[in-house]
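Participant:
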Amino acid sequence: QKEVEQNSGPLSVPEGAIASLNCTYSDRVSQSFFWYRQYSGKSPELIMSIYSNGDKEDGRFTAQLNKASQYVSLLIRDSQPSDSATYLCAVNRAGGFKTIFGAGTRLFVKA
Amino acid sequence: DVKVTQSSRYLVKRTGEKVFLECVQDMDHENMFWYRQDPGLGLRLIYFSYDVKMKEKGDIPEGYSVSREKKERFSLILESASTNQTSMYLCASKGGLSYGYTFGSGTRLTVV
Chain R
1 QKEVEQNSGP
11 LSVPEGAIAS
21 LNCTYSDRVS
31 QSFFWYRQYS
41 GKSPELIMSI
51 YSNGDKEDGR
61 FTAQLNKASQ
71 YVSLLIRDSQ
81 PSDSATYLCA
91 VNRAGGFKTI
101 FGAGTRLFVK
111 A
Chain F
1 DVKVTQSSRY
11 LVKRTGEKVF
21 LECVQDMDHE
31 NMFWYRQDPG
41 LGLRLIYFSY
51 DVKMKEKGDI
61 PEGYSVSREK
71 KERFSLILES
81 ASTNQTSMYL
91 CASKGGLSYG
101 YTFGSGTRLT
111 VV
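Read top to bottom, the protein sequences are chains R and F. 88 is the number that this note's numbering gives to position 88 of the first sequence; each next residue is one higher, with no gaps. 91 is the number that this note's numbering gives to position 91 of the second sequence; each next residue is one higher, with no gaps.
Structure follows, in structure tokens:
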């Protein structure tokens, strides 16, 4: 079992729809959770961080964390073609330097 | 705007060459990291440093070394480049352990 698992996609949604990206992790002591966006040929860019159970909203993005289920998700409202990218889920273990990345989900937003 | 700057965007080197990849950050971060990213393998940690002159091995340190003589600069060294080191190399920094990364723009290295 991979430490951080994501559906590789591609996930295709129409413009204006809600895109839902999901991630599960295996280490129960994980404490910090991140979503990165990576455009083709570019480096990852941090878009959301979440540390406690519940929802965290930032503009069109909402991160959701459920530690009991070891599940973190990213919702993108009013999806735009410019949101088309690979989204990487990443998890930090408690007290450590190590960040575990998922393989990423490719998102296509169709105009 | 905070920045992590990698000195080269594209590099082509010959097998056996010693290769230096440079990374500079302007955020006064203590923690700096080198990753490589390959299709199907994702991001893999090569080395990291949590302080000047300190270094720790990541998941795939073989064939690499690092140098951190100043807080803002973290260098990755390929001692004798091989074709299997052809990859995208990403430098990153972060302020605290629980924070996310700021990545540089990456260096696409091709070893021929």
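Quick reminder that beta carbons are idealized off the backbone N, C-alpha and C, glycines included.
Which one or two residues does DSSP pair with R/I50 in a beta bridge?
Facilitator: R/F33
Participant: Output yes if chain R places a C-beta closer than 9 Å to the C-beta of F/L21; else output no.
Facilitator: no
Participant: Would you mind telling me which residues of chain F sit closer than 9 Å to R/F61, beta carbon to beta carbon, in chain order?
Facilitator: In chain order: nothing, as chain F lies at least about 14 Å away.
Participant: I need the boundaries of the beta strand (DSSP E) containing R/P14, first residue and last residue.
Facilitator: L11 to P14
Participant: Anyone know if the C-beta pair for R/Q38 and R/G102 falls short of 9 Å?
Facilitator: no
Participant: Under 8 Å Cβ-Cβ, which residues of chain F neighbour R/S73?
Facilitator: Going along chain F, no residue has its Cβ under 8 Å from R/S73, so there is no contact; the nearest lies around 17 Å.
Participant: Of all the CB atoms in chain F, is at least one closer than 9 Å to the CB of R/Q70?
Facilitator: no
Participant: Check whether the Cβ of F/W56 lies closer than 9 Å to any Cβ atom in chain R.
Facilitator: As written in the sequence, residue 56 of chain F is Glu, which differs from the Trp given in the question. Taking Cβ atoms only, chain R reaches closer than 9 Å to F/E56, which makes this a yes.
Participant: Looking at the structure shown, is R/N7 part of a helix, part of a strand, or coil, going by DSSP?
Facilitator: coil
Participant: Per the DSSP calculation, F/M88 is bridged to which residue(s)?
Facilitator: F/Q37 and F/R108
Participant: Find out if the Cβ-Cβ distance for the pair F/K70, F/F33 is shorter than 9 Å.
Facilitator: no
Participant: Hey, would you say R/Q70 sits closer than 9 Å to R/S26, going by beta carbons?
Facilitator: yes
Participant: Among R/I47, R/P14 and R/S32, which residue has its Cα nearest to the Cα of R/K110?
Facilitator: R/P14
Participant: In chain F, what lies closer than 9 Å to R/L11 by C-beta?
Facilitator: Correct list: empty, because the minimum Cβ distance to chain F is about 17 Å.
Participant: Please look up how many angstroms separate the CB atoms of R/L107 and R/L21, rounded, as I've assumed it's under 8 Å.
Facilitator: 7 Å
Participant: Taking all protein chains shown into account, do 16 or more other C-beta atoms lie within 10 angstroms of the C-beta of R/N92, making it buried, or fewer, making it exposed?
Facilitator: buried
Participant: List the residues that DSSP assigns as beta-bridge partners of R/I76.
Facilitator: DSSP lists R/A19 and R/F61 as the beta-bridge partner residues of R/I76.
Participant: Could you give the DSSP three-state label for F/S49: helix, strand or coil?
Facilitator: DSSP, read as helix, strand or coil, puts F/S49 in strand.
Participant: Does the stretch 77–85 of chain F come into contact with the stretch 37–57 of chain F, if we say contact requires no fewer than three beta-carbon pairs (one atom in each stretch) closer than 8 Å?
Facilitator: no
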